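Peer 1:
2 protein chains.
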Amino acid sequence: MSPFPAVDAFRGRDGVTRVVGHRGARGILPENTMMGFVFAMSTGAYLLEFDVVLTADEVPVITHNHRLHAPTFRDGAGNFLKDEPKVSDVTWEQLQRFDVGRVDVSSAYGRRFPDQARVDGLRVPRLVELLDCVNQPLFDAAHLMLEIKSDPEFAHDQACRKELVSRVVAEVRAAGMQDRTLLHSFDWNLLAECQDQAPEFPTSFLTQLPDNDDEVGEDSSKSISPDFSGREHQIPSLVAKAGGSLWCPYVNDVTAETVANAHKLGLVVAVWTVNEREDIDRMIDFGVDAIVSDYPSRVQGRLETRGISWL
Amino acid sequence: MSPFPAVDAFRGRDGVTRVVGHRGARGILPENTMMGFVFAMSTGAYLLEFDVVLTADEVPVITHNHRLHAPTFRDGAGNFLKDEPKVSDVTWEQLQRFDVGRVDVSSAYGRRFPDQARVDGLRVPRLVELLDCVNQPLFDAAHLMLEIKSDPEFAHDQACRKELVSRVVAEVRAAGMQDRTLLHSFDWNLLAECQDQAPEFPTSFLTQLPDNDDEVGEDSSKSISPDFSGREHQIPSLVAKAGGSLWCPYVNDVTAETVANAHKLGLVVAVWTVNEREDIDRMIDFGVDAIVSDYPSRVQGRLETRGISWL
Numbered sequence: 001m002s003p004f005p006a007v008d009a010f011r012g013r014d015g016v017t018r019v020v021g022h023r024g025a026r027g028i029l030p031e032n033t034m035m036g037f038v039f040a041m042s043t044g045a046y047l048l049e050f051d052v053v054l055t056a057d058e059v060p061v062i063t064h065n066h067r068l069h070a071p072t073f074r075d076g077a078g079n080f081l082k083d084e085p086k087v088s089d090v091t092w093e094q095l096q097r098f099d100v101g102r103v104d105v106s107s108a109y110g111r112r113f114p115d116q117a118r119v120d121g122l123r124v125p126r127l128v129e130l131l132d133c134v135n136q137p138l139f140d141a142a143h144l145m146l147e148i149k150s151d152p153e154f155a156h157d158q159a160c161r162k163e164l165v166s167r168v169v170a171e172v173r174a175a176g177m178q179d180r181t182l183l184h185s186f187d188w189n190l191l192a193e194c195q196d197q198a199p200e201f202p203t204s205f206l207t208q209l210p211d212n213d214d215e216v217g218e219d220s221s222k223s224i225s226p227d228f229s230g231r232e233h234q235i236p237s238l239v240a241k242a243g244g245s246l247w248c249p250y251v252n253d254v255t256a257e258t259v260a261n262a263h264k265l266g267l268v269v270a271v272w273t274v275n276e277r278e279d280i281d282r283m284i285d286f287g288v289d290a291i292v293s294d295y296p297s298r299v300q301g302r303l304e305t306r307g308i309s310w311l
Numbered sequence: 312m313s314p315f316p317a318v319d320a321f322r323g324r325d326g327v328t329r330v331v332g333h334r335g336a337r338g339i340l341p342e343n344t345m346m347g348f349v350f351a352m353s354t355g356a357y358l359l360e361f362d363v364v365l366t367a368d369e370v371p372v373i374t375h376n377h378r379l380h381a382p383t384f385r386d387g388a389g390n391f392l393k394d395e396p397k398v399s400d401v402t403w404e405q406l407q408r409f410d411v412g413r414v415d416v417s418s419a420y421g422r423r424f425p426d427q428a429r430v431d432g433l434r435v436p437r438l439v440e441l442l443d444c445v446n447q448p449l450f451d452a453a454h455l456m457l458e459i460k461s462d463p464e465f466a467h468d469q470a471c472r473k474e475l476v477s478r479v480v481a482e483v484r485a486a487g488m489q490d491r492t493l494l495h496s497f498d499w500n501l502l503a504e505c506q507d508q509a510p511e512f513p514t515s516f517l518t519q520l521p522d523n524d525d526e527v528g529e530d531s532s533k534s535i536s537p538d539f540s541g542r543e544h545q546i547p548s549l550v551a552k553a554g555g556s557l558w559c560p561y562v563n564d565v566t567a568e569t570v571a572n573a574h575k576l577g578l579v580v581a582v583w584t585v586n587e588r589e590d591i592d593r594m595i596d597f598g599v600d601a602i603v604s605d606y607p608s609r610v611q612g613r614l615e616t617r618g619i620s621w622l
C-alpha cells in the first residue's frame, strides 16, 4: 500500500497486471482525444496516460509535443501543417481551429499506426474536459497518468516550471481528482517542483537510456532527462531517492533484474510503450506492474490468455 | 446507375473504392453488436455488413450462426457456452440473458482477433435496433448489407424461407430503409424469394468456391450455396442471370479478370473478408467496388495512401 491511493491502482500483484491506455488508445483512435479516452475506458482500460502543455493564455491542454505536430494537426482547409507553431504561442481559441482527428498516413509517424481510425472534427481537449469526463460515475475506475511536458527551451527557467505545475495542479485539485492522478514526467526538476507545490500527489518518473533510439516521429525526451550514462543500473534507486512512487522505463531498457530491484525499493514499475505481442509477453514474464500500450485491448488479450486480470 | 439507390452506395469508380464494416468492425469490437456498428460508422465506415436469424418467437436478431456461437456467447455466470442451442429454439427474451461482449481468446476463433476489445454486458441486438439507429440524421450515410442466414436444416423448406424473408422485409419496410438496404445471402433460392416478395430491394449474391477452406471457427456456407464445380468462371454471369445487383466473392476466389467480367455484366463487386494489408492492396489493384473488412480503418488507410476515397 502506498500513502497515495492513485499508486495502488497502477500496482500489480500475483494474477494482476495493469493496462494503461497510451494517449487513449493511439493504435485504434486519434491520440490524446476525448474519443480515444472514452473508447479506452469503455473497453476496460481505465488507466489513462496523456500529455499536458500550456497554451499562450496558459490553458492546460492535452497534446504530446510542444509544437503542433505536423502529422496529426490539420488546418481549416483540411491540410496537414507544414510549419509547426509552438503551442505556447497560440491561444486556446486559436488551437480549436485545428483538427486532430487523423494521422498523415504518408508520414513516417503515420505509418506506425496502420489501424488508427480517422474521425474528422476532433479538437485538442483541455485538461478540464478529461477531468470532467472521468468524474462521471460511469468512469469511477479511471485513474490518470498525467504527463507534464517540459519545454526544452524553458526547462531551466524556474519561474516557467513553477507556473506550469501550478496551473496543472490547480485544475486537478479543482476537479477533486488528487487521489486518482499521478504526476508523470521525464523532467526530474519538474517532478521535484510537483512534490514541493503539491505533496498530496504521487510522482511518476519516466526514463529512457541514451543508447536506445527515440520512437519514430516523436519529440525526444533526452534533452530534459537527467544523464544516466554510467549510472544505468542505479536508476531505480535514484527514482526512490528522488521520492518517486512509480518508475516508468522504456520497454527496451528493462530486464527482470531491474524490475525486481525496483520492487525491492517499493517502486511500482510501469513500462512504455509496449505494442508488439512478444514485448507484451516479455513484460508479463518480467513481472512489471503496468503495461502502457497504444493497443490496450491487445494487452488485455495476452493477459486473459494467461489467466491474469488487469482490474 | 442502378434502379436501386442502395446499390450505388456500394459501387466504386475511378478514385473511389468503398469500405464495408464486417459485422461492424470485428477486428476491433465484438461482432454484430450495436457498439461495433456505431464505432464503424463513427470512423467513416457507413456501409455495414451483418447477419440476421429468427428467434423461436420469430424476432429478427443480428447474429452470425444458427446456433449460439460458443466462442462469443457467455451465460449469466460469465462462462463461455459448452453447448450451442439453436437461435430458433430460444425466444428473444431468453437470448437477452447471454453476453456477447467478449470472444474466447483460448478458442481457435478467438485467436484470429487479437485486438478485439472486451465490453461486458453487450446483448444480441434486434434488427430493429440497428434500423432505428441508422435512421438518426447522424447516420444518414449508412447503408446496410443485410445478410439473411439460411438454416441448412430448413433450406429446402419453402414455407420457412417465405416466413424468414417476410419477417425481415417487414421490419426494413416499416423503418423506411428500402433505399438503403441490400438483401444479401449465400442461398440463391432465398434471394429468389426476396426478389419475389420484395422487388424493391436489390439482391447481393455471396459466393465461395468449394476449393477454398472455410474461415476458422465459422459456419460453412457451402451446404446452402449452389454447387459451382465446373462453372467457376461463369459465376458472374450466373449472378446477373439470377437478377443480382452485387456479386460478393470470397477474397481468395477473385482475379482481375473475374472482376472485369462482372463489371461488363453491370454487377457491383464487393469482396469479403479482406483483412491483411497485401490482400487489401491486391483488391484495390483488381478494381473491386467494395472491400468488406473486419478492420475498416486499415482499409481506409491503404486507400488514403493511394489517394483513393471511400465516400
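One line per chain: the protein sequences are A and B, in this order. Each residue of the first sequence is one higher than the one before, counting from 1 in the numbering used here. Each residue of the second sequence is one higher than the one before, counting from 312 in the numbering used here. Every residue, glycine too, gets a C-beta built ideally from N, C-alpha and C. These numbers come from a predicted model, not from an experiment.
#1: Considering only residues of the same chain and omitting the five flanking positions on each side of Val16(A), which have a CB-CB separation below 6 Å?
#2: Please report how far the alpha carbon of Arg617(B) lies from the alpha carbon of Asp179(A), in whole angstroms.
#3: Counting only beta-carbon atoms, is Thr328(B) nearer than 8 Å to chain A?
#4: Please give the ranges of any beta strand (DSSP E) in the segment 469–536 of chain B, keeping only runs that are unbroken, at least 3 residues long and fully inside the region.
#5: Exposed or buried, Leu622(B), counting other C-beta atoms within 10 Å across all chains shown (16 or more means buried)?
#6: Taking the beta carbon of Val527(B) as the centre, do at least 16 other beta carbons fall within 10 Å, making it buried, or is it exposed?
#7: Are the beta-carbon atoms belonging to Ser2(A) and Ser221(A) less than 8 Å from one another?
#8: What residues from chain B crowd round Asp115(A), counting only those whose CB sits closer than 7 Å?
#9: Is Phe228(A) near the ligand GTP, going by C-beta to nearest heavy atom under 7 Å?
#10: Taking buried to mean at least 16 other C-beta atoms within 10 Å of its own C-beta, is Ala170(A) buried or exposed?
#11: Taking C-beta pairs closer than 9 Å, name the residues in chain A that Ser353(B) reaches, listed in chain order.
#12: For Pro236(A), I'd like the list of residues in its chain whose CB is within less than 7 Å of its CB, leaving aside the five on either flank, ordered along the chain.
#13: When we look at the beta-carbon of Glu511(B) and count the other beta-carbons within 10 Å, is it buried (16 or more) or exposed?
#14: For the alpha helix (DSSP H) containing His263(A), list its first residue and its last residue.
#15: Which same chain residues end up closer than 7 Å to Ser496(B) when comparing Cβ atoms and leaving out the 5 residues on each side of it in sequence?
#16: From the DSSP secondary-structure annotation, give me the bridge partner or partners of Val90(A).
#17: Have a look at Phe539(B) and Gln519(B) and give me their C-alpha separation to the nearest angstrom.
#18: May I have a chain-ordered list of the alpha helix (DSSP H) segments no shorter than 4 residues that lie completely inside the segment 544–615 of chain B?
#19: May I have the straight-line CA-CA distance separating Arg408(B) from Gly387(B), to the nearest angstrom?
#20: Determine the DSSP secondary structure at Leu131(A), reduced to helix, strand or coil.
#21: What does DSSP give as the partner residues of Met145(A) in its beta bridges?
#22: Please look up how many angstroms separate the CB atoms of Pro382(B) and Asp415(B), rounded, as I've assumed it's under 8 Å.
#23: Applying a beta-carbon distance threshold of less than 8 Å, which residues of chain B neighbour Glu215(A)?
#24: Considering only DSSP beta bridges, list what Arg413(B) is partnered with.
#25: Quick one: what does DSSP say Ser313(B) is sitting in, helix, strand or coil?
#26: If you draw a straight line from the alpha carbon of Thr514(B) to that of Leu29(A), how long is it in whole angstroms?
#27: Might you give, ordered along the chain, the residues of its own chain that have their beta carbon closer than 6 Å to the beta carbon of Asp564(B), omitting 5 neighbours on each side?
#28: Express the C-alpha separation of Val87(A) and Leu95(A) in angstroms, rounding to a whole number.
#29: Examine chain B for any beta-carbon lying closer than 8 Å to the beta-carbon of Thr273(A), and answer yes or no.
#30: Only counting the same chain, and skipping five residues up and downstream in sequence, which positions put a Cβ closer than 6 Å to that of Arg434(B)?
#31: For Glu31(A), does the count of other Cβ atoms within 10 angstroms reach 16, so buried, or fall short, so exposed?
#32: In chain order, what residues of the segment 250–278 of chain A put their CB closer than 9 Å to some CB of chain B?
#33: With a 10 Å radius around its C-beta and 16 neighbouring C-beta atoms as the bar for buried, classify His467(B) as buried or exposed.
#34: Could you check where the alpha helix (DSSP H) with Val331(B) kicks off and where it finishes?
#35: Could you name the residues that DSSP lists as bridge partners for Ile339(B)?
#36: Using only CA atoms, which one of Val372(B), Ile595(B), Cys444(B) and Gly554(B) lies nearest to Thr566(B)?
Peer 2: Working from what's here:
#1: Closer than 6 Å at the Cβ level, and outside the excluded window around Val16(A), lie Ser309.
#2: Counting only the Cα atoms, Asp179(A) lies some 48 Å from Arg617(B).
#3: At a cut-off of 8 Å between beta carbons, Thr328(B) makes no contact with chain A.
#4: For the segment 469–536 of chain B, the continuous beta strand (DSSP E) assignments of 3+ residues that do not extend past its boundaries occur at 492–496 and 514–518, in sequence order.
#5: It is exposed - the Cβ of Leu622(B) has fewer than 16 other Cβ atoms within 10 Å.
#6: By the 16-neighbour rule on beta-carbons within 10 angstroms, Val527(B) is exposed.
#7: In this structure, Ser221(A) does not lie closer than 8 Å to Ser2(A) by Cβ.
#8: Ordered by position in chain B, the residues that pass the 7 Å Cβ test against Asp115(A) are Tyr606, Ser608 and Arg609.
#9: The model depicted lacks the ligand GTP and carries no ligand whatsoever.
#10: Flag for Ala170(A) reads exposed.
#11: Against chain A, a Cβ distance below 9 Å from Ser353(B) picks out Met35, Ala117 and Val119.
#12: Here the set comprises Trp247, Thr258, Asn261, Ala262, Leu265 and Leu267.
#13: Exposed is the call here.
#14: Counting along the chain, the alpha helix (DSSP H) containing His263(A) begins and ends at Ala256 to Lys264.
#15: Around Ser496(B): Glu458, Ile459, Ser461, Leu502 and Leu517.
#16: When DSSP reads this structure, Val90(A) sits in no beta bridge, so it has no partner.
#17: Annotation: Phe539(B) to Gln519(B) spans about 9 Å, alpha carbon to alpha carbon.
#18: If we require 4 residues or more, the alpha helix (DSSP H) runs fully inside the segment 544–615 of chain B come out as 546–552, 567–575 and 588–597.
#19: Each residue's Cα considered, the two are about 6 Å apart.
#20: Looking at Leu131(A) - three-state DSSP - the assignment turns out to be helix.
#21: Met145(A) is bridged to Glu49(A) and Leu182(A).
#22: Separation of the CB atoms of Pro382(B) and Asp415(B) is rounded to 4 Å, and the pair is thereby assigned contact status at 8 Å.
#23: Correct list: empty, because the minimum Cβ distance to chain B is about 19 Å.
#24: Bridge partners of Arg413(B): none, in fact.
#25: In the structure shown, Ser313(B) adopts coil according to DSSP, grouped into three states.
#26: Rounded to whole angstroms, Thr514(B) and Leu29(A) show a C-alpha spacing of 34 Å.
#27: Leaving aside the five residues that flank Asp564(B) on each side, the residues in its chain whose CB is nearer than 6 Å to its CB run, in chain order, Leu520.
#28: Leu95(A) and Val87(A): Cα-Cα distance of roughly 8 Å.
#29: Chain B, which has no Cβ nearer than 8 Å to the Cβ of Thr273(A), makes this no.
#30: Here the set comprises Gln407.
#31: Using a 10 angstroms sphere on the CB of Glu31(A), the tally of other CB atoms reaches 16 or more, which defines it as buried.
#32: Cβ contacts with chain B come from Arg277.
#33: If you draw a 10 Å sphere on the C-beta of His467(B), you find fewer than 16 other C-beta atoms in it, and that means exposed.
#34: Segment Arg329 to His333 is the beta strand (DSSP E) holding Val331(B); no alpha helix (DSSP H) there.
#35: DSSP output for Ile339(B) lists no bridge partner at all.
#36: The residue from Val372(B), Ile595(B), Cys444(B) and Gly554(B) with its alpha-carbon nearest to that of Thr566(B) is Ile595(B).
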